[in-house]
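Please read the structure below before turning to the comments.
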Amino acid sequence: MTVSVTTLANGLRVVTDPVDSVESVSIGVWVGTGTRSETQTNNGVAHFLEHMAFKGTERRSALQIAEEIENVGGHINAYTSRESTAYFVKLLKEDAALGVDILADILQHPSFDAEEMDRERSVILQEIGQAHDTPDDVIYDHFQEAAFAGQAMGLPTLGSPATVGGMSRSHLVDFMAEGYRAGNMVLAASGKIEHDRLVDLAERSFGALPAGGPQNRPSARYTGGRYAERRDSEQVHLLFGFPGVGIDREEHYAAALLSVLFGGGMSSRLFQEVREKRGLVYSVYSFASAYSDSGLFGIYAGTGERETAELVPVICDEIMRLPDSLDEVEIARAKAQLKSSTVMALESTSSRAEQLANQILLLGRPVTVEEQIARIDALTARDLRDLARKVFSGPLTLAALGPISHLASYETIADRLAA
Numbered sequence: 031m032t033v034s035v036t037t038l039a040n041g042l043r044v045v046t047d048p049v050d051s052v053e054s055v056s057i058g059v060w061v062g063t064g065t066r067s068e069t070q071t072n073n074g075v076a077h078f079l080e081h082m083a084f085k086g087t088e089r090r091s092a093l094q095i096a097e098e099i100e101n102v103g104g105h106i107n108a109y110t111s112r113e114s115t116a117y118f119v120k121l122l123k124e125d126a127a128l129g130v131d132i133l134a135d136i137l138q139h140p141s142f143d144a145e146e147m148d149r150e151r152s153v154i155l156q157e158i159g160q161a162h163d164t165p166d167d168v169i170y171d172h173f174q175e176a177a178f179a180g181q182a183m184g185l186p187t188l189g190s191p192a193t194v195g196g197m198s199r200s201h202l203v204d205f206m207a208e209g210y211r212a213g214n215m216v217l218a219a220s221g222k223i224e225h226d227r228l229v230d231l232a233e234r235s236f237g238a239l240p241a242g243g244p245q246n247r248p249s250a251r252y253t254g255g256r257y258a259e260r261r262d263s264e265q266v267h268l269l270f271g272f273p274g275v276g277i278d279r280e281e282h283y284a285a286a287l288l289s290v291l292f293g294g295g296m297s298s299r300l301f302q303e304v305r306e307k308r309g310l311v312y313s314v315y316s317f318a319s320a321y322s323d324s325g326l327f328g329i330y331a332g333t334g335e336r337e338t339a340e341l342v343p344v345i346c347d348e349i350m351r352l353p354d355s356l357d358e359v360e361i362a363r364a365k366a367q368l369k370s371s372t373v374m375a376l377e378s379t380s381s382r383a384e385q386l387a388n389q390i391l392l393l394g395r396p397v398t399v400e401e402q403i404a405r406i407d408a409l410t411a412r413d414l415r416d417l418a419r420k421v422f423s424g425p426l427t428l429a430a431l432g433p434i435s436h437l438a439s440y441e442t443i444a445d446r447l448a449a
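With the numbering used here, the residue at position 337 of the sequence shown is 367, and numbering never jumps.
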C-alpha cells in the first residue's frame, strides 16, 4: 500500500491509503482519548461526548447532520473504546469535502444543547440497561474491571446509571478541551482520494484546532482478580484472563498467533477439545487484547449449569499443556489464518483507515502489511512456548455470570493452574 502521512502545523496527523479500484472513500477522525482517560466520577463521559457530537453544532441541527450525509447516499457513525474515540463517514469520492466538513464541525463546534443532552442521557441509560440484560456482553465489563482493579482501564465504556445520570454539560466541555487536541488526533482516509487534497481539506477545516499532544495518564497495570454473579439464566458465562502484551512490544504478534492457535477457529485446540470432542459448549474462543502499554489474554466459554464442573478442569488442562505440546503443523495453520485475516482486512476501505489511524495513535507510524506478514512468518515454536509460559504463569482473572452453583472457587482454579 502507498501510505502518506503529513503533520499539520497544529500537530494534526493526516494519513491516506489510496485505493484506485473503488469509487468511494472512508474518512474518519480518531481521537486518542477514551474510557481510560476517565475517572470514577466522570466514567462514561467519552461515550456521552461521542453521542452528543451528532446532536447539533453551531450551524447544523442533529437532523441536518444526518440529512446532509444521507442526501448524498453516505453513512456516518462513531464508537468509543478504552483508548480512543472514532468518528467516521463513508461517501462517494466526489463528496469527500462534505465528509471532512461535517467531521470538523461536530468535533469543534458541538452545541451540547440541554434538551438534546437530556434526551441522549435517556438513550444511554437504555443502552446500559440493554447491556446489563445481555449476559455475554456485560460479563466483559466485569472481567475488565477485575483484570485492572481500581484503574481507569477497568471502567465500563458506557459508564454507570449514577455517573451518566449526573453528567453535566461542563463534564463534556472539560473532557473535550483536554483530549480533543490536534496532537492527540488523526485524520485518516482510504479509498478514492489523493493525499494532497485531503491535506488541503484538513488545513481548511481543522487548521484552527487547538494544538497539544496526548493526555497524561497513569500506566495500566494488570492485577488479576475475580467476579462472580449468580443469575437465573440458561447458561453460565465464563471468562479466564491472564496478563497479555502491549501493542508496542516485540511479543505482540506472538500473542496474536498464540490466540489463533489456542482458540481462534474451528481447528483450534479449545474448539476441538471442548466443543467437538466433549460437547460442553456452543461457543468457546480465546482473544489477545493489546493496549498501548499493557495487554490481556482471555478465554471465553458459555456452558450449562451442570457442565461447568467438567468444563473448567478441561480448560485448565488445555492451558497447562499448551506450552510443551506445540507442533509445527498447527503453528503453520495458525500463521496462515492470521496472515489471511490481515490481508483480507485490506479489502475494506473502512478497515484500512481504522487500522492506519490506530497505528499512528499507538505506534506513531504506519505499519505495512508486508512488515506484519514478515513479523508473523518469523515467529518460532520457541517464541510461542516462551510467551505461553509467561502469560499463563501470571495472576488469574476469573469472571462468571449465571447459575454458577457448580463452579469451583477462584482459589481452587488458580491452584490447579499453578500446579
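Glycine included, C-beta positions come from ideal geometry on N, C-alpha and C.
Please read these numbers as outputs of a predicted model, since none were measured by experiment.
Roughly how many whole angstroms lie between the Cα atoms of residue i and residue j?
| i | j | result |
| --- | --- | --- |
| H436 | S423 | 25 Å |
| R251 | E280 | 18 Å |
| A127 | R89 | 17 Å |
| L368 | A375 | 11 Å |
| Q160 | A408 | 44 Å |
| I349 | V61 | 37 Å |
| T63 | E113 | 5 Å |
| I95 | V119 | 12 Å |
| D135 | D204 | 18 Å |
| P273 | Y170 | 15 Å |
| S91 | S152 | 19 Å |
| A219 | K85 | 24 Å |
| L42 | N388 | 14 Å |
| A448 | R256 | 16 Å |
| Q70 | Y321 | 20 Å |
| L300 | S111 | 28 Å |
| V49 | I99 | 22 Å |
| T37 | V44 | 6 Å |
| H267 | V130 | 42 Å |
| K365 | C346 | 24 Å |
| S380 | G58 | 9 Å |
| E97 | L137 | 18 Å |
| L417 | L428 | 20 Å |
| V421 | D125 | 48 Å |
| I361 | G328 | 19 Å |
| L133 | T333 | 44 Å |
Could you please give the first and the last residue of the uninterrupted alpha helix (DSSP H) stretch that includes residue i?
| i | result |
| --- | --- |
| I277 | Counting along the chain, I277 falls outside any alpha helix (DSSP H), and DSSP gives it neither H nor E. |
| M147 | 144-162 |
| F78 | 75-82 |
| Y170 | 165-177 |
| S371 | 358-374 |
| S289 | 282-293 |
| T193 | 191-195 |
| S381 | 379-393 |
| Q70 | From DSSP, Q70 is part of no alpha helix (DSSP H); its letter is neither H nor E. |
| K420 | 411-422 |
| P248 | P248 -> no alpha helix (DSSP H), and no H or E assigned at all. |
For residue i, which residues in the same chain have their Cβ closer than 7 Å to its Cβ, ignoring the five residues on either side in sequence?
| i | result |
| --- | --- |
| E337 | L310 |
| L202 | V75, F78, L79, M82, F142 |
| V399 | M31, T372, V373, L376 |
Taking residue i and residue j to be in contact with their CB atoms under 8 Å, please state how far apart those CB atoms are, rounded to whole angstroms.
| i | j | result |
| --- | --- | --- |
| L269 | Y330 | 5 Å |
| K123 | G221 | 7 Å |
| L287 | I406 | 6 Å |
| N40 | G237 | 7 Å |
| A438 | V342 | 6 Å |
| G293 | V314 | 6 Å |
| A182 | E68 | 6 Å |
Identify, in the order they occur along the chain, each residue of the same chain with its Cβ nearer than 6 Å to the Cβ of residue i, setting aside the five sequence neighbours on each side.
| i | result |
| --- | --- |
| V33 | D47, P396 |
| N72 | H201 |
| Q402 | T372 |
| E175 | G184 |
| L392 | I277, S322 |
Where do the N-terminal and C-terminal ends of the beta strand (DSSP E) with residue i fall, by residue?
| i | result |
| --- | --- |
| H105 | 105-110 |
| D47 | 43-48 |
| L137 | Looking at the DSSP string, L137 is not in any beta strand (DSSP E); the run it does join, the alpha helix (DSSP H), is 126-138. |
| M215 | 215-221 |
| G328 | 325-333 |
| F301 | Premise fails: F301 is in no beta strand (DSSP E) and is neither H nor E. |
| G432 | 427-432 |
| E259 | 255-260 |
| G58 | 54-61 |
| K123 | Element bounds for K123: n/a, residue is neither H nor E. |
| A318 | 311-320 |
| S34 | 34-37 |
Does at least one heavy atom of the ligand MN sit under 7 Å from the Cβ of residue i?
| i | result |
| --- | --- |
| S235 | Among the components of this structure there are no ligands whatsoever, and the ligand MN is therefore not found. |
CB-CB under 8 Å to residue i, same chain, minus the five flanking residues each way: which ones, in chain order?
| i | result |
| --- | --- |
| R415 | P353, D354, L356 |
| Q385 | A375 |
Answer yes if the stretch 418-433 comes into contact with the stretch 259-267, meaning at least three C-beta pairs across the two stretches below 8 Å, and no otherwise.
yes
Looking at C-beta atoms only, is the number of pairs between the stretch 185-205 and the stretch 231-249 that lie closer than 8 Å three or more?
no
Taking one C-beta from the stretch 235-246 and one from the stretch 205-215 each time, how about it: are there three or more such pairs within less than 8 Å?
yes
Can we say the stretch 158-175 touches the stretch 132-146, given the rule of at least three CB pairs closer than 8 Å?
no
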